[in-house]
Structures are given as structure tokens and as C-alpha cells.
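Colleague:
As C-alpha cells, this is what we get:
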């Protein structure tokens, strides 16, 4: 079935002056040069597998790689999701990091306490050595209890903020971060002590 013209009384071969101007304005004048042959295009795209100056190419590759590593290191330290490992990404992990960094954690002092106990073992008095070891075990217990309490508090806060059905499990993540010295944490702390996330 043939299509009916929109205006049945109009002659399809006749166009108005406005239509003619619009049609002529859309006509391109050509690209100004002949289409290059396939051989010419392939030759233009060819690059040598081995560069002419291998030393210069290796130096440039090393510089580029070093720049990319430095950018990734700074991005990770700043907490940029693009540069973080998969386990560190997402708003819930960021919330957990900020909460841990704002809080005083007993486990932060694990390394200094262990170093102190090692120094105490050099004393010839066995009583000092014994008290040092007992103090270390007591510190371990307090740090573990602190991490368990942190896990419960943080889980409740994440469920309240992000919803119970969407909350991730962050207890182990929180404990591992809480047991590190503040200056050694990666990503670096983005909040000061006492600046708890909203």
C-alpha cells in the first residue's frame, strides 16, 4: 500500500524557497582531498615493534611506570576509591575507617607494648621478665575485648546508617585496622580523634 502524502493537494516535486535554501546549506563541499588508499593508511598506522632507541624507550617506560605508581600510592593514602584494593572500597568501609580513626583504640599500642616487653626480657631478674610477659598477655586480652566491643558498636552504626539489609560485615576489617598504629594505617586517617562520622 502506497503512503499518502501529508498534504494531498501539494505537488511533491515542487519545494518552497525556504526548503531549497535549507537543502543547499546542508550540502557539503567535499573533504578537499582524495581518500587515501588502504596501503597508505596501513603504512601511517604502522609502528615498529622495537623502538629505534631502546635505552630512551626503556627510560620513558620506567618514568611512566614510576609516575603511575606514585599516583596510585598518593591516591591510596588519600582514600580515593579508584586506587584502593577491593576490600577497602565503598561508603561503608569509609565510614568504618573514619569511625576507627576517630576513636581511641587499645590495640594501637600493641607494637610499642611488645617492644617494651622484649626490652624487659634482657633484664637478668626473672621476676621482671615474668611480670613483662604477664603484662603482655593482659594487654592482649584487653585489646581483644576492645576489638569485640568496637565490632558490635560499628555494626549497629552501619546498620542504622545504611540499612540492616545492605550492611556489610566489617568486624574483622575494623579489628585489623584498630590493631595498627595510627601512623601506619593505609589508607591514611582522614579524620582527627573525636571527629566521628555522622
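Residue numbers (the numbering used here): 370 to 567. Using N, Cα and C, we set each Cβ at its ideal position, and we do this for glycine too. Only a predicted model underlies this, so the values are computations on that prediction, with no experimental measurement involved.
1. Would you kindly work out how many angstroms separate the C-alpha atoms of residue 448 and residue 495, rounded to a whole number?
2. Can you check whether the CB of residue 470 is closer than 9 Å to the CB of residue 540?
3. Given this structure, state the Cα-to-Cα distance separating residue 474 from residue 493, to the nearest angstrom.
4. Do the CB positions of residue 467 and residue 564 come within less than 9 Å of each other?
5. Exposed or buried, which one is residue 546 when buried takes at least 16 other CB atoms within 10 Å?
6. Please check the pair residue 479 and residue 548, which I expect to be a contact at CB under 8 Å, by giving their CB distance rounded to whole angstroms.
7. Taking the beta carbon of residue 454 as the centre, do at least 16 other beta carbons fall within 10 Å, making it buried, or is it exposed?
8. Express the C-alpha separation of residue 489 and residue 519 in angstroms, rounding to a whole number.
9. In angstroms, rounded to a whole number, what distance separates the CA positions of residue 443 and residue 544?
10. Within the continuous alpha helix (DSSP H) that includes residue 466, where are the two ends?
11. In three-state DSSP terms, what is residue 567?
12. For residue 542, count neighbouring C-beta atoms within 10 Å of its own C-beta (all shown protein chains included) and say buried if the count is 16 or more, exposed if not.
Modeller: Inspection of the coordinates gives the following:
1. 47 Å
2. no
3. 33 Å
4. yes
5. buried
6. 6 Å
7. exposed
8. 30 Å
9. 24 Å
10. 460 to 471
11. coil
12. buried
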